[in-house]
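Letter 72 of the sequence shown, counting from 1, is numbered 73 in the numbering used here, and no numbers are missing. Here is the structure we will look at.
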Amino acid sequence: MDETPIRARRKGQGRTRTGYFWPIYGDQEVMFPFMATRAHHVVHELLGSYEGVLLTDGYPAYESYAQQMERVTAAQCRSHTRRQS
Numbered sequence: 002m003d004e005t006p007i008r009a010r011r012k013g014q015g016r017t018r019t020g021y022f023w024p025i026y027g028d029q030e031v032m033f034p035f036m037a038t039r040a041h042h043v044v045h046e047l048l049g050s051y052e053g054v055l056l057t058d059g060y061p062a063y064e065s066y067a068q069q070m071e072r073v074t075a076a077q078c079r080s081h082t083r084r085q086s
């Protein structure tokens, strides 16, 4: 899972704002939900009661979610892990 910023404009409004695609790659599906924010609550909204390994970057919202969920194991991709070394 990741959050990817994109400049977007709502119909009828003049200026663009930053919104986020939240790609979620599952065993059988791929989803690209769009949210107007990168807030921590979005992770909970999108994953709900997910169980399994959650592979992400270093955004603290993912670690927070994993700590609150009994059957979730947080894992970081190698490139993000190396950046923190």
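Every residue, glycine too, gets a C-beta built ideally from N, C-alpha and C.
A distance of 7 Å or more separates the beta carbons of T17 and R11. L55 is positioned such that its CB atom lies closer than 7 Å to that of V73. According to DSSP, P6 shares a beta bridge with Y21. Judged by DSSP in its simplified three-state form, Q29 adopts coil rather than helix or strand.
Here A62 is near V44, since their CB atoms are less than 7 Å apart.
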